[in-house]
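Structure first, commentary second.
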Amino acid sequence: VAEGDLAVHVKTGGRNELGRLLAAVGRMRESLVNTVRQVRNSSDSVNTGAHEIASGNLDLSSRTEQQSASLEKTAASMEQMTST
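Position 69 of the sequence shown, counted from 1, bears residue number 86 in my numbering, the numbering being contiguous throughout.
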């Protein structure tokens, strides 16, 4: 556990002070495993959300460019109509 390997199960032995300490370390390891799992899940959710936002931004940018081109055509047509 001290080296960061949370896959290793802590073996408890007995009811003496050392046994209780090892049991506490085992519970701490389980808690750390759960915390790391939650962080990974949250990180995956943030990553998914970021990709969705990026995709939405690209779509919005494309539609904005199309709208801009359409407005430029409309403005050119209006100018032709008013100049005649």
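Idealized CB from N, CA, C, for every residue including glycine.
Just how far apart, CA to CA, sit residue i and residue j?
| i | j | result |
| --- | --- | --- |
| Val-56 | Gly-73 | 25 Å |
| Thr-99 | Gln-83 | 24 Å |
| Ser-94 | His-68 | 39 Å |
| Ala-41 | Ser-60 | 28 Å |
| Glu-34 | Val-63 | 43 Å |
| Leu-75 | Gln-97 | 33 Å |
| Thr-91 | Arg-80 | 16 Å |
| Leu-77 | Glu-89 | 18 Å |
| Val-18 | Arg-44 | 11 Å |
| Thr-52 | Asn-58 | 10 Å |
| Ser-87 | Ile-70 | 25 Å |
| Arg-66 | Gly-31 | Per the sequence presented here, residue 66 reads as Gly, with Arg not at that position. Their backbone Cα atoms lie some 48 Å apart in a straight line. |
If the criterion is Cβ atoms closer than 7 Å, does the pair residue i and residue j meet it?
| i | j | result |
| --- | --- | --- |
| Val-27 | Arg-46 | yes |
| Leu-9 | Leu-23 | The first residue shown for the chain is 18 and the last is 101, placing residue 9 beyond what the model contains. |
| Thr-29 | Gly-21 | no |
Complete runs of the beta strand (DSSP E) confined to the region 34-86 [at least 3 residues]: none
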